[in-house]
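J.: In our numbering, the protein residues as written are 159 to 475.
All residues carry an ideal CB built from backbone N, CA and C; glycine is no exception.
All values derive from a computational prediction rather than experimental measurement.
First the structure, then my questions, so here it is.
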Amino acid sequence: MEPILPGAPWLIAHKSILGVNKPNKITLNGQDYVIWQNQKGEVFALDNICPHMQAPLSDGWICQDRDTIACPFHALEFDGQGRLQQVDKKDGQPITKVLELIISNDCIWTYAGFEPRLPIPDLYQKIVDEYEFIGVTGEKSIEGEFLTNLMVNYDYNHQNGTHKELFKITSCNVNHFEEKGYSATVKQELTRANNTLGEIIKNPILGILPKTLANTLKYAFPSTTALLAKTPIGDIAQIHILYPQTEKITKTFILMYAKVVNPVMKFLFKNSVLQAAATVIEQDTNAVESLYPRQKPKIRLPNEEIMFYAEKLYHNW
Ligand code: FES
Ligand SMILES: [Fe+2]
């Protein structure tokens with residue numbers, strides 16, 4: 159496939175989801191890679207195709223003492239530099255491609271061998287400094303083009319339909335939109351309906367969210383949307399990640415960070431926030447996967463310029 163947005167930094171994983179000495183397969187822009195983390199927390203990634211007879215390395219296993227991955231077919235071993243491990247020979251030449259990684263705050267980024275066109279977004283540093291990491295949630299491969307998924311993140315009207323039940327939203331006001339090239343900031347105010355006790359028991363996030371939510375969204379095109387929200391129990395920083403797996407499949411997951419003072423509340427808060435975010439992804443996925451092919455819209459809604467701004471960045475890449 160033609161790579162989508164070559165030269166963009168893609169956040170392909172968080173260290174916490176890789177496990178230790180366990181091969182993981184990831185697909186980026188039509189290419190499969192195997193990625194693993196050793197017991198020291200070092201991360202390696204190679205082309206997933208074994209250079210011997212093309213077996214998928216991600217079905218193999220990690221040899222802990224040698225820091226190598228063994229192929230599932232004939233058990234040849236490769237180190238993190240793509241070199242064949244040989245008993246009597248050291249420092250051979252790489253015979254398989256290494257996926258170059260940039261690791262920052264446990265987030266694993268790559269340009270997949272393309273000349274970088276944008277820096278790794280720095281909005282994380284602020285979040286990592288101030289908030290505590292609480293987990294990854296909502297991991298999904300969505301059947302839908304990258305652009306369609308991207309536009310959902312810049313769409314300030316879909317909460318009225320797609321996420322109506324989850325948050326009981328009655329109105330959404332965007333009072334600020336500012337863009338500077340590939341980064342943008344949006345401030346929104348959401349008003350929610352009153353919730354009955356029964357509703358809160360079924361969906362605990364309703365008990366945590368205030369009646370009016372003032373959220374800030376920070377975008378780093380094309381991979382990242384950070385949502386900063388304040389609730390009476392604690393503050394949430396949710397980083398929504400997207401990358402193109404293939405032309406028609408888009409990967410998504412959410413990195414969740416929070417600031418909660420009360421330790422008892424923390425546990426409850428953590429679970430309901432992670433659960434709600436997973437539901438949000440579920441709902442966005444259903445929305446994207448059920449769309450008919452796109453046509454020129456005959457109606458315009460407010461704030462759609464935010465969505466068209468992202469679409470333009472995509473087409474002008
Ligand atoms: S195919 Fe990988 S070792 Fe033979
Ligand atoms: Fe959504």
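Assign K376 to one of two classes, buried (16 or more other C-beta atoms within 10 Å of its C-beta) or exposed (fewer than that).
T.: Position 218 of the sequence shown holds residue 376. K376 is buried by the Cβ-count criterion.
J.: L426 to A434, Cα distance in whole Å?
T.: On the sequence shown, position 268 is the one that residue 426 refers to. On the sequence shown, position 276 is the one that residue 434 refers to. The alpha-carbon atoms of L426 and A434 are separated by roughly 12 Å.
J.: So what's G165 in DSSP terms, helix, strand or just coil?
T.: The sequence position of residue 165 within the sequence shown is 7, counting from 1. Of the three classes helix, strand and coil, the one that applies to G165 here is coil, per DSSP.
J.: Check V178 in the structure and name its three-state DSSP category.
T.: On the sequence shown, position 20 is the one that residue 178 refers to. Per DSSP, reduced to three states, the secondary structure at V178 is coil, with no helix or strand assignment.
J.: Cβ-heavy atom distance between H316 and ligand 2 below 7 Å?
T.: Taking the first residue of the sequence shown as 1, we reach residue 316 at position 158. For ligand 2, at least one heavy atom lies less than 7 Å from the Cβ of H316.
J.: Can you list, in chain order, the residues of its chain with a C-beta nearer than 7 Å to that of E301? Leave out the 5 residues immediately preceding and following it.
T.: As a first step, residue 301 must be located in the sequence shown, where it is residue number 143. Excluding residues within five positions, the ones whose Cβ falls inside 7 Å are K406, I407, E447.
J.: Use the C-beta contact count for I260: other C-beta atoms within 10 angstroms, 16 or more gives buried, fewer gives exposed.
T.: On the sequence shown, position 102 is the one that residue 260 refers to. Exposed, since its Cβ has fewer than 16 Cβ neighbours within 10 Å.
J.: Say whether the stretch 386-403 touches the stretch 414-421, bearing in mind that this needs 3 or more beta-carbon pairs closer than 8 Å, one atom from each stretch.
T.: yes
J.: For ligand 1, any of its heavy atoms closer than 7 Å to the Cβ of M414?
T.: Here residue 414 refers to the residue found at position 256 when the sequence shown is read from its first residue. No, the Cβ of M414 stays beyond 7 Å of every heavy atom of ligand 1.
J.: So the beta strand (DSSP E) E447 belongs to, where does it begin and stop?
T.: Indexing the sequence shown from 1 puts residue 447 at position 289. Where E447 is concerned, there is no enclosing beta strand (DSSP E), although the alpha helix (DSSP H) it sits in stretches over 421-447.
J.: Check the C-beta distance from A378 over to S341 and give it rounded, since I have them as a contact under 8 Å.
T.: As a first step, residue 378 must be located in the sequence shown, where it is residue number 220. As a first step, residue 341 must be located in the sequence shown, where it is residue number 183. At roughly 5 Å, the Cβ-Cβ gap stays under 8 Å, so A378 and S341 are in contact.
J.: Measuring CA to CA, which of V294, W219, I366 is closest to I175?
T.: Numbered from 1 along the sequence shown, position 17 holds the residue referred to as residue 175. When V294, W219, I366 are compared, the shortest CA-CA separation from I175 is found for V294.
J.: Determine the contact status of A171 and I184, defining contact as a CB-CB distance below 8 Å.
T.: As a position in the sequence shown, residue 171 is number 13, starting the count at 1. As a position in the sequence shown, residue 184 is number 26, starting the count at 1. Yes, the pair counts as a contact, with Cβ atoms nearer than the cut-off.
J.: Could you check which residue in N444, L459, P451, P164 has the C-alpha nearest to that of F272?
T.: Taking the first residue of the sequence shown as 1, we reach residue 272 at position 114. The residue with the shortest Cα to Cα distance from F272 is P164.
J.: Where does I260 fall in DSSP's three states?
T.: What you label residue 260 is simply residue 102 of the sequence shown in a count that begins at 1. The answer is strand: DSSP assigns I260 an E or B state.
J.: Alpha carbon to alpha carbon, what distance is there between P460 and R452?
T.: Position 294 of the sequence shown holds residue 452. Position 302 of the sequence shown holds residue 460. Between R452 and P460, the C-alpha separation is close to 19 Å.
J.: Put V310 into one of helix, strand or coil per three-state DSSP.
T.: Taking the first residue of the sequence shown as position 1, residue 310 is located at position 152. Note: V310 maps to helix in three-state DSSP.
J.: Counting only runs that start and end within the stretch 183-254, where is the alpha helix (DSSP H) found for 4 or more residues in a row?
T.: none
J.: If you follow the alpha helix (DSSP H) that K322 is in, where does it begin and where does it stop?
T.: On the sequence shown, position 164 is the one that residue 322 refers to. Here the alpha helix (DSSP H) through K322 covers 322-325.
J.: Hey, how far is the Cα of V192 from the Cα of N206?
T.: Residue mapping note: residue 192 aligns to position 34 of the sequence shown, counting from 1. Residue mapping note: residue 206 aligns to position 48 of the sequence shown, counting from 1. Looking at the two C-alpha atoms, the distance is approximately 5 Å.
J.: T226: beta carbon under 7 Å from a heavy atom of ligand 2?
T.: By 1-based counting over the sequence shown, the position of residue 226 is 68. Answer for T226: no, Cβ out of range of ligand 2.
J.: Strictly by DSSP, which residues pair up with R350?
T.: Counting from one through the sequence shown, the residue named residue 350 turns up at place 192. Beta-bridge partners of R350 (DSSP): I327.
J.: Tell me whether T408 counts as near ligand 2, meaning its Cβ is closer than 7 Å to at least one heavy atom of that ligand.
T.: On the sequence shown, residue 408 is found 250 positions in, with the first residue counted as 1. Flag unset: Cβ of T408 not near ligand 2.
J.: Taking only three categories from DSSP, how would you classify N318?
T.: Along the sequence shown, one-based indexing puts residue 318 at 160. N318: helix per DSSP, three-state reduction.
J.: Going along the chain, which residues of its own chain have a beta-carbon closer than 6 Å to the beta-carbon of G392, five neighbours each way excluded?
T.: Counting from one through the sequence shown, the residue named residue 392 turns up at place 234. The residues are A416, K417, V418, F427.
J.: So the candidates are D223, V256, E462; which of them puts its Cα closest to the Cα of F335?
T.: Translated into positions along the sequence shown, residue 335 becomes position 177. Comparing alpha-carbon positions, the option among D223, V256, E462 lying closest to F335 turns out to be E462.
J.: Between N318, Q244, N182, Q441, which has its C-alpha nearest D217's C-alpha?
T.: Along the sequence shown, read from residue 1 onward, the residue named residue 217 stands at position 59. Checking every option, the nearest Cα to that of D217 belongs to N182.
J.: Would you kindly work out how many angstroms separate the C-alpha atoms of P279 and L169, rounded to a whole number?
T.: Here residue 279 refers to the residue found at position 121 when the sequence shown is read from its first residue. Here residue 169 refers to the residue found at position 11 when the sequence shown is read from its first residue. The alpha-carbon atoms of P279 and L169 are separated by roughly 10 Å.
J.: Express the C-alpha separation of K409 and I366 in angstroms, rounding to a whole number.
T.: Within the sequence shown, residue 366 is the residue found at index 208, counting from 1. Within the sequence shown, residue 409 is the residue found at index 251, counting from 1. When rounded, the distance between both Cα atoms is 29 Å.
J.: Just to confirm, are T383 and N307 a CB contact at a threshold of 8 Å?
T.: The count along the sequence shown starts at 1 and reaches residue 383 at position 225. The count along the sequence shown starts at 1 and reaches residue 307 at position 149. No, they are not a contact pair.
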